[in-house]
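Take 8 as the starting number for the sequence shown in this note's numbering and just add one per residue.
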Amino acid sequence: MNNVSRRKFITTGLAVAAGASGIAAAAKIAQHHGLIPPDAGVLYGPGETLTYAAQRLLTRHSMAREFPRSEVSTNPFANPVDSLGDEFNRLQAAGFVDWRLTVDGMVARPATLSLAEIRSFPTSTHVTMIGCEEGWTYIAEWTGVPLSYILDRAGALPQARYVVYRSIQSDWWESIDMADALHPQTLLAHRMNGNALPVPFGGPMRLRLPRQLGYKNVKYLNQLTLTDNLKAFGKGLGGSDPDYGYAWYAGI
Ligand SMILES: Nc1nc2c(c(=O)[nH]1)N[C@H]1C(S)=C(S)[C@@H](COP(=O)(O)O)O[C@H]1N2
Ligand SMILES: [Mo]
8 MNNVSRRKFI TTGLAVAAGA SGIAAAAKIA QHHGLIPPDA GVLYGPGETL TYAAQRLLTR
68 HSMAREFPRS EVSTNPFANP VDSLGDEFNR LQAAGFVDWR LTVDGMVARP ATLSLAEIRS
128 FPTSTHVTMI GCEEGWTYIA EWTGVPLSYI LDRAGALPQA RYVVYRSIQS DWWESIDMAD
188 ALHPQTLLAH RMNGNALPVP FGGPMRLRLP RQLGYKNVKY LNQLTLTDNL KAFGKGLGGS
248 DPDYGYAWYA GI
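Here is the structure:
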């Protein structure tokens, strides 16, 4: 099965399993608190809303589990990606000196940052697990700039509610709410296990979001857009994975 049909297959199974109705009442409470994920009512409906709302009400500030360095995986699995394209190959051949991260949308100071600038910003490090919805995991030490630092620097406007983040692979984009964007473990990771982030793992830069599943950890990151509404992006569900039927909120 190719990636798309495998995703449809998993999603259909999940939708059938999530067919409970007793959670609809709880979803009303979530709505009252403004805790409706952008993909609510598509395939998962009240169940997804409840998961997101419960996590946000109970665990907004909770930390993903961190591990001792001795538990770093010796053979981490890089999920193979489709061809990265000519532009990527050109940038890579030049050592990524021309790589840029654009920060735009609801910010007072839009910016275009080089990798050298990003590498000069303060970093944070954590040893955390990344897990794919397809069942495999690995533990690595990640170092990068807290996303909160980039948002402060750009002057995120108070009405911004989501950060949309994109890859040089134009079919890979995702978004998170401000609780995750400002969370101290959410990094623009540019180092892994003490070295520059290897290309198979998303180098030169990826989003590391240890509180959510692997697919939210977009590799080859080149754009951050702050917004108060996700309707104008793709199908309006908050990411390329939700467009395939995956949950927008993939908290673990
Ligand atoms: N740009 C891009 N980001 C991506 C992917 C991808 O194919 N392209 N795969 C996602 C999926 S499904 C997972 S599980 C993780 C895998 O991370 P890894 O390659 O470090 O194992 O990256 C995510 N980020
Ligand atoms: Mo994945």
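Every residue gets a Cβ at the ideal spot worked out from N, C-alpha and C, and that includes glycine.
Remember, predicted model here, so these are calculated numbers, not experimental data.
query	result
Beta-carbon distances below 6 Å to any heavy atom of ligand 2 define the shell here; list its residues in chain order, please.	Asn-86, Cys-139, Glu-140, Glu-141, Gly-221, Tyr-222
Among Thr-109, Ser-77, Thr-150, whose alpha-carbon lies nearest the alpha-carbon of Gly-201?	Thr-150
For Leu-194, report the span of its alpha helix (DSSP H) as first-last.	Unbroken run through Leu-194 is the beta strand (DSSP E), 194-199; no alpha helix (DSSP H).
Any heavy atom of ligand 1 closer than 8 Å to the beta-carbon of Trp-255?	no
Does the Cβ of Phe-95 lie closer than 8 Å to at least one heavy atom of ligand 1?	no
DSSP three-state call for Ser-131: helix, strand or coil?	strand
Could you tell me if Ile-148 is buried or exposed, where buried requires 16 or more neighbouring beta carbons within 10 angstroms of its beta carbon?	The question names Ile, but residue 148 in the sequence shown is Glu. Glu-148 is buried by the Cβ-count criterion.
Rounded to a whole number of angstroms, what is the C-alpha to C-alpha distance between Gly-20 and Pro-44?	Reliability of the predicted coordinates at Gly-20 is poor, the pLDDT of 39 falling under 50, and the value obtained from them is presented with this limitation in mind. So the two alpha carbons sit approximately 21 Å from each other.
Quick check: the Cα distance between Val-170 and Leu-64, rounded to an integer number of angstroms?	20 Å
Counting along the chain, where does the alpha helix (DSSP H) carrying Pro-153 start and finish?	Looking at the DSSP string, Pro-153 is not in any alpha helix (DSSP H); the run it does join, the beta strand (DSSP E), is 144-153.
Specify the secondary structure class of Arg-218 as computed by DSSP and reduced to three states.	coil
Does the distance between the C-beta of Gly-258 and the nearest non-hydrogen atom of ligand 1 fall short of 8 Å?	no
Identify, in the order they occur along the chain, each residue of the same chain with its Cβ nearer than 8 Å to the Cβ of Leu-164, setting aside the five sequence neighbours on each side.	Met-113, Val-114, Ala-115, Leu-233
Within the present structure, is the beta-carbon of Gly-209 separated from the nearest heavy atom of ligand 1 by less than 8 Å?	yes
Can you list, in chain order, the residues of its chain with a C-beta nearer than 7 Å to that of Ala-186? Leave out the 5 residues immediately preceding and following it.	Arg-63, Arg-67
Look at the alpha carbon of Ala-203 and the alpha carbon of Pro-211, and state the distance between them as a whole number of angstroms.	7 Å
For the segment 217-228 against the segment 177-194, are there 3 or more C-beta pairs whose distance is under 8 Å?	yes
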